[in-house]
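In terms of this note's numbering, the sequence shown opens at residue 923 and continues consecutively.
The C-beta atom is built at its ideal place from N, Cα and C for all residues, glycine as well.
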Amino acid sequence: MPERGQLGLVGAALIPDLGRGPVPGMSLETPRLTLLPCAAEHLLALIDQPQLLEDLVGVPGAERLREFYVSDDVSPDWLAALRKARGPDPWHHGFFVVDRATRSVIGSAGFKGPPDAAGMVEIAYGIVPGFEGQGFATEAAAALVGFAFASGHVRLVRAHTLPAANPSTRVLLKCGFRHIGTVVDPEDGPVWRWERGP
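Here is the structure:
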């Protein structure tokens, strides 16, 4: 996990040549990544007309990025809400994960909704296969945790994984999460629950 001060909110003006897509004050920066807040329009372009993504956000999507949003795992309700939404909303639309070295969107990271009444949010993240195993998911997850707690509205960050040790469980351990136990998700069946406080 980055040390305090390595992870922070930055404005678009501080991100060289990435200024078309970011919303000033909402982009997140880690040692190797920039997380650009997704507008509904960005995600719809990726789903419906992927060739337009670079024009909208200023960098191309890596191979297989679109698969995150068109697989059978994507909720039809989420897609319907996305088609009605406008503008960036980190709590609902998340962030594109941009590798500054290759200047491409290599994944996505976000929340499963805004903080609930108890101050809990759930994170989700994914990196395209060609960039897996290099620590990018850990950096992106750490950035989400930092963003959530910096909002002042979050007291607990939660995540769920398949119920077996895997790359995602290692990401969460590196980001300071604790394994809470097994719960049954209505859509996914048994999953492991992970939590982390400030």
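message: Give me the residue from L957, L978 and G1052 with the minimum Cα distance to E985.
response: G1052
field: Inter-residue Cα distance where the pair is G1111 and V996
entry: 16 angstroms
message: Can you give me the C-alpha to C-alpha distance between G1048 and R988, rounded to a whole angstrom?
response: 12 angstroms
query: In three-state terms, what does DSSP make of P1036?
result: coil
message: Is F1069 close to the ligand MG? I mean its beta-carbon at under 7 angstroms from any heavy atom of the ligand.
response: Among the ligands in the structure shown, none appear at all, so the ligand MG cannot be discussed.
message: So, does the segment 1002-1022 touch the segment 953-969, judging by three or more C-beta pairs under 8 angstroms?
response: yes
- prompt: Since R1115 contacts G1103 with CB under 8 angstroms, what's their CB separation in whole angstroms?
  reply: 6 angstroms
query: Would the beta-carbon of G1119 fall within 8 angstroms of that of L1078?
result: G1119 is a Cβ neighbour of L1078, given a cutoff of 8 angstroms.
query: What first and last residue would you give for the alpha helix (DSSP H) that runs through G1068?
result: Run containing G1068: F1058 to A1072, per the alpha helix (DSSP H) assignment.
message: Relative to the C-alpha of G1009, which candidate in A1070, R1080, H964 and A1002 has its C-alpha closest?
response: H964
query: Among E976, L978, G1035 and G980, which one has its Cα closest to the Cα of A1003?
result: The shortest CA-to-CA distance from A1003 to any of E976, L978, G1035 and G980 is the one to G1035.
message: Quick check: what's the CA-CA separation for R1139 versus A1064?
response: Only positions 923 to 1120 of the chain appear in the structure, and residue 1139 is not among them; the question remains open.
query: A1059 and V1093: beta carbons closer than 8 angstroms?
result: yes
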